[in-house]
Amino acid sequence: MAAAAAAATSPLRRVVELDEAWSLRIHEACQVVPRRLLKALEISGDGRIWIPIPIALLLASPSPELYCVAMGLLAGFLLDLLFVGLLKHLVRRSRPLYNKGMYLTFAVDHWSFPSGHSSRVFFISTFLYLVRGSLREAAAGVVGPSPWPRWRTVLEDRGLELGHLFLPSVFLWSVATSASRILLGRHFVVDVIAGGCLGLLEAAVVFLFLLHPTFFTKFLLDR
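Positions 1233 to 1455 (the numbering used here) are the ones given, in order, by the sequence shown.
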């Protein structure tokens, strides 16, 4: 029995060792990246910043479309806290030894797998992409038909819209923030990949089950 268990865990052990080795190499090779930039990315993905945003939108939203988007964001953040906390507690993978200057908010923050920052930022970018139609309608209702007319004219001359720049920028931010977790030594590569995949799954779950077209239409009618 012991030999069989050892044989079963051996491939996993090799994956962990490879993950740790490559994570250290990437961390050391990217020391030239300004730490202030990496810290800024870390702060930009902090849940303590993001969770109050949909709450404020729910309290002050001028449009039903934006209200539904805010409700989806809040549900996703709460779902993310639940899943990440549960997985960290179950897996209990220690953070890299070279992780320096990190302030822990919750007990599960001691653990590395999965990356909560990665799951959160990929949830945000994926969810905003899925509800891009609602965002467009909400933006048109809030800012009117011609926001920043000068820039709008320049972009339209090139066949673009302001919204065409927003979502790619959010996606690039999510990638950069996730990468910063490895460069800062907060996480291993697999932690970040797993977190990103979890964020994609959370966005799909919230969009399909909470903001399903039937639910969305009924909510708008009730409002």
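The beta-carbon is built from N, C-alpha and C at its ideal position, and this holds for glycine as well. Predicted model only: the values in this text are computed from it and were never measured.
{"Query": "Nearest to tyrosine 1299 by alpha carbon, out of Leu1319, Ile1285, Gly1431 and Ala1272?", "Result": "Ile1285"}
{"Query": "Verify whether the separation of the beta carbon atoms of serine 1326 and valine 1424 is less than 7 angstroms.", "Result": "no"}
{"Query": "Quick check on the DSSP output: the alpha helix (DSSP H) that includes serine 1175 runs from which residue to which?", "Result": "Since the first residue of the chain shown is 1233 and the last is 1455, residue 1175 is not available in this structure."}
{"Query": "Where are the alpha helix (DSSP H) runs, 4 residues long or more, that stay fully inside the segment 1263-1343, in chain order?", "Result": "1267-1276, 1279-1282, 1284-1292 and 1296-1323"}
{"Query": "Applying the 10 Å Cβ sphere with the 16-neighbour rule, what's the burial state of alanine 1261?", "Result": "exposed"}
{"Query": "How many Å lie between arginine 1245 and serine 1255 at the Cα?", "Result": "15 angstroms"}
{"Query": "Run the CB neighbour count on serine 1401, radius 10 Å, all protein chains shown included, and call it buried at 16 or more, exposed below.", "Result": "exposed"}
{"Query": "Among residues of its own chain, excluding the 5 on either side of phenylalanine 1359, which ones have a beta-carbon nearer than 7 angstroms to its beta-carbon?", "Result": "Gly1304, Leu1305, Gly1308, Ala1435, Val1438 and Phe1439"}
{"Query": "Please name the residue in Lys1271, Leu1362 and Pro1296 whose C-alpha comes closest to that of phenylalanine 1441.", "Result": "Leu1362"}
{"Query": "Cutting at 6 angstroms between CB atoms, please list the residues of its own chain near serine 1406, excluding the five before and the five after it.", "Result": "Val1353, Phe1354 and Ser1357"}
{"Query": "Can you give me the Cβ contacts of leucine 1273 inside the same chain, cut-off strictly under 7 angstroms, excluding the 5 residues immediately before and after it?", "Result": "Ala1408, Thr1409 and Ser1412"}
{"Query": "Nearest-angstrom Cα distance between glycine 1431 and phenylalanine 1315?", "Result": "10 angstroms"}
{"Query": "According to DSSP, is glycine 1391 helix, strand or coil?", "Result": "Model confidence at glycine 1391 stands at a pLDDT of 42, short of 50, so the residue's coordinates are unreliable; what they give is reported in the following sentence. Coil at glycine 1391, not helix or strand."}
{"Query": "From aspartate 1312 to isoleucine 1287, what does the alpha carbon distance come to, in whole angstroms?", "Result": "16 angstroms"}
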